[in-house]
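In our numbering, each number is its position in the sequence shown, counted from 1, plus 972.
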Amino acid sequence: MQPLVRTAVIIVVLGAFVFASGKWRNPATLTSRSALFLILSALATGASWLCYFRALKIGEATRVAPIDKLSVVLVAIFAMIVLGERPSLRDWIGILSIAAGGILLSLKS
973 MQPLVRTAVI
983 IVVLGAFVFA
993 SGKWRNPATL
1003 TSRSALFLIL
1013 SALATGASWL
1023 CYFRALKIGE
1033 ATRVAPIDKL
1043 SVVLVAIFAM
1053 IVLGERPSLR
1063 DWIGILSIAA
1073 GGILLSLKS
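Given below as structure tokens:
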């Protein structure tokens, strides 16, 4: 029930921000490609939330949350491979620090 309430609040708040910023447009004007990617993104987000809440239910939050934050590392890798981005040395230091921290915090002591 909590994810449903959380999502409803997010929809209302996000809708208010989009409307207030003047960025609202009719969803029917989206291209089929944009609609497809929005739907796939929503499904991936929903699956991620389900997995996260399940992991919190069966595991310790201090070990689950750091693993969740490894998504930052995955996004950086995805951006390199798919989008052709090239992180700087400083970026790599941050990315590797997040990875090391996530792994370190998830290990049993």
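For glycine and all other residues, C-beta sits at the position ideal for the given N, C-alpha and C.
Just so you know, these numbers come straight off a predicted model, no measurement behind them.
Helix or strand or just coil, what does DSSP make of residue i?
i, result
"residue 1062", "helix"
"residue 1001", "helix"
"residue 1084", "This structure does not reach residue 1084, given that the chain is present from 973 up to 1081, and the question cannot be answered."
"residue 993", "coil"
"residue 1052", "helix"
"residue 1041", "helix"
"residue 1077", "helix"
Rounded to whole angstroms, what's the CA-CA distance from residue i to residue j? Just pull it up for me.
i, j, result
"residue 1038", "residue 980", "26 Å"
"residue 1024", "residue 1036", "8 Å"
"residue 975", "residue 1070", "27 Å"
"residue 1040", "residue 1056", "24 Å"
"residue 1080", "residue 989", "42 Å"
"residue 1003", "residue 991", "20 Å"
Would you mind sorting residue i into buried or exposed? The rule is 16 or more other CB atoms within 10 Å of its CB.
i, result
"residue 1048", "buried"
"residue 1018", "exposed"
"residue 987", "exposed"
"residue 994", "exposed"
"residue 1074", "buried"
Touching by the beta-carbon criterion (3+ pairs, under 8 Å), the stretch 1004 to 1012 and the stretch 1028 to 1041
Because the criterion of three Cβ pairs below 8 Å is not met, the stretch 1004 to 1012 and the stretch 1028 to 1041 do not touch.
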